[in-house]
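To convert, note that position 113 of the sequence shown is 1305 in our numbering; the numbers rise steadily by one, no gaps.
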Amino acid sequence: MSIPENIEKIKSQLTDSVTLCAISKTRTVNEIREAMHAGLFDFGENKVQEMVEKQAQLPCTIRWHQVGTLQRNKVKYIAPFVHLIHSVDSWKLLQEIDKEGQKNERVIPVLLQVHIALEETKHGLSREELFEILTHPDLPQLNHIQIKGLMGMATNSDDEDLVLREFKGLKMLFDELQDQFKPNNQIRFETLSMGMSGDFSLAVEAGSNLVRVGSAIFGERNYSN
Ligand SMILES: *Cc1c(COP(=O)(O)O)cnc(C)c1O
């Protein structure tokens, strides 16, 4: 199937309240243009350099999402334009994003990435680490970031019950935080980013409002080219 057909099929499974973010890592700018013509505006990359190169070649109407592990020394390259950073997993990274936001005279929206999978290799904060950030005494001074919500990746497994349970656990945490932290300048729980090509239906069932879909749109990734 073509990129527009894939997008059409995925969109038919989503309501209007769920944002479809196309994960375009390893894809060409022409493939991204095709997806744009099919009506997508949100694109996600996991490598800073790749995002910067593509951003320079594509219309500024694209909203760029950073989804992979982000090194502190690379924040400066995406700070001028990034729409949402999904992968904040430490206080130090948050401080660095704030610093670069200040330099660029903008507020950078971020999500806190929570560890929900069984695999230890997947990144993300524990519940304790999450609360440490949200109640950090210096958080009110970070005027150039805004925490918009949470992101999580479920275990890569065929066990749908397990995956659904992990997503539902994150949704419960999200609801709890939404209750506990009333919207202010630094914290505004609106976005719950969960679900990829293999599990976005389960994620949406559990309450996701942003899915990050790569191969189901563009086809299988080939890292060798
Ligand atoms: C690559 C990636 C995706 C998309 O994966 P697919 O299985 O191709 O949909 C989603 N989220 C993150 C963090 C990724 O790195």
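Heads up, the beta-carbon is just placed ideally off N, CA and C, and yes, glycines get one too.
For ligand 1, list every residue whose C-beta falls under 5 Å from any of its heavy atoms, going in chain order. Ile1215, Asn1238, Val1259, Met1388, Ser1389, Arg1404, Val1405, Gly1406, Ser1407
Near Ser1282, what residues of its chain come up, given a Cβ to Cβ distance below 6 Å and the 5 sequence neighbours on each side ignored? Residue numbering aside, residue 1282 sits at position 90 when the sequence shown is read from its first letter. Answer for Ser1282: no residue qualifies.
Check whether the Cβ atoms of Trp1256 and Val1274 sit closer than 8 Å, and answer yes or no. Stepping through the sequence shown from its first residue, residue 1256 is reached at position 64. Stepping through the sequence shown from its first residue, residue 1274 is reached at position 82. Yes; because the gap between Cβ atoms is below 8 Å, this pair is in contact.
Expected contact under 8 Å - CB spacing of Gly1341 and Phe1381 to nearest Å: Here residue 1341 corresponds to residue number 149 of the sequence shown, with the count starting at 1. Here residue 1381 corresponds to residue number 189 of the sequence shown, with the count starting at 1. At roughly 5 Å, the Cβ-Cβ gap stays under 8 Å, so Gly1341 and Phe1381 are in contact.
Quick one: using the 10 Å Cβ neighbour count with 16 as the cut-off for buried, is Gly1387 buried or exposed? Mapped onto the sequence shown, residue 1387 falls at position 195. Gly1387 should be labelled buried.
Check whether the Cβ atoms of Gly1293 and Ala1271 sit closer than 8 Å, and answer yes or no. Taking the sequence shown and counting its residues from 1, one reaches residue 1293 at position 101. Taking the sequence shown and counting its residues from 1, one reaches residue 1271 at position 79. Yes. Within cutoff.
Quick check on the DSSP output: the beta strand (DSSP E) that includes Lys1203 runs from which residue to which? The residue you call residue 1203 lines up with position 11 of the sequence shown. Premise fails: Lys1203 lies in the alpha helix (DSSP H), 1195 to 1203, not in any beta strand (DSSP E).
Compare the beta carbon distance of Leu1212 and Ile1202 with 8 Å and say whether it is the shorter of the two. Counting from 1 along the sequence shown, the entry for residue 1212 is found at position 20. Counting from 1 along the sequence shown, the entry for residue 1202 is found at position 10. Taking 8 Å as the Cβ cut-off, Leu1212 and Ile1202 qualify as a contacting pair.
Three-state secondary structure assigned by DSSP to Ser1349: Here residue 1349 corresponds to residue number 157 of the sequence shown, with the count starting at 1. In this structure, Ser1349 counts as coil in the three-state DSSP scheme.
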